[in-house]
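S.K.:
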Amino acid sequence: MGLQINPPSRLEGPEGAADNGDDWGTRIAKLIPAEALGLYGSAAALVPETNPWRTGALWIVVLVACGLLVLIRSRSALDPQTRKPQVGAIVISLVSFFIWLIAVGSPPSPIRLPEELQFAGPLAALLWGTMVPYFYRGE
15 MGLQINPPSR LEGPEGAADN GDDWGTRIAK LIPAEALGLY GSAAALVPET NPWRTGALWI
75 VVLVACGLLV LIRSRSALDP QTRKPQVGAI VISLVSFFIW LIAVGSPPSP IRLPEELQFA
135 GPLAALLWGT MVPYFYRGE
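The working numbering applies: residue 15 is where the sequence shown begins, and numbers increase by one.
1. Candidates Y54, D93, G119, P124: which alpha carbon is nearest P136's?
2. What does the Cβ neighbour count give for S56, buried or exposed, with the cut at 16 atoms within 10 Å?
3. Give the straight-line distance between the Cα atoms of L108 and L85, rounded to the nearest whole angstrom.
4. Count the other CB atoms, across all protein chains shown, that sit within 10 Å of the CB of K44; report buried if there are 16 or more and exposed otherwise.
5. Considering Cα atoms alone, identify which of T144, Q132, V78 is closest to Y54.
6. Would you say A103 and A117 are within 8 Å of each other, going by their C-beta atoms?
7. Alpha carbon to alpha carbon, what distance is there between I113 and R89?
8. Can you round the beta-carbon distance between L72 and P124 to whole angstroms, since I take them to be within the 8 Å contact cut?
9. When the Cα of I46 is compared with those of E130, G81, P122, which residue comes out closest?
10. Check the DSSP bridge columns for L92 and list the partner residues they point to.
11. At what residues does the alpha helix (DSSP H) containing L140 begin and finish?
This is how it looks when you write it as structure tokens:
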């Protein structure tokens with residue numbers, strides 16, 4: 015079981031976006047184990063937005079989700095010949111998780127960008143989700 019991302023079709027038009035390849039949100043979500051996303055989303059929803067310790071609590075959840083992400087990717091992305099984890103897949107998953115946190119923005123994320131840079135998170139997610147399939151194929 016490995017990491018598989020479908021690059022966008024070269025001939026994709028506006029009407030073919032749903033049929034050919036994945037949109038950027040789907041592509042970046044595929045790079046992150048669902049268990050890590052689910053854990054983070056559920057835990058973040060449990061911490062009240064008015065709690066003064068919310069940011070610290072969310073960072074703890076981020077660390078736990080990263081640990082879970084590394085554990086899952088280490089087991090699911092094994093090199094077929096060496097039976098060792100594919101470090102590239104793990105690093106890509108971690109980077110994708112942090113880009114996702116930036117793209118989601120505050121309040122669900124502990125990472126707050128200045129108002130004038132709010133566009134940077136979704137833009138980074140768009141570029142990352144588009145480029146990863148071209149520089150990493152997995153085993």
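The beta-carbon is built from N, C-alpha and C at its ideal position, and this holds for glycine as well.
M.R.: So, from the listed chains and residues:
1. G119
2. exposed
3. 11 Å
4. buried
5. V78
6. no
7. 23 Å
8. 4 Å
9. G81
10. P99
11. 134 to 149
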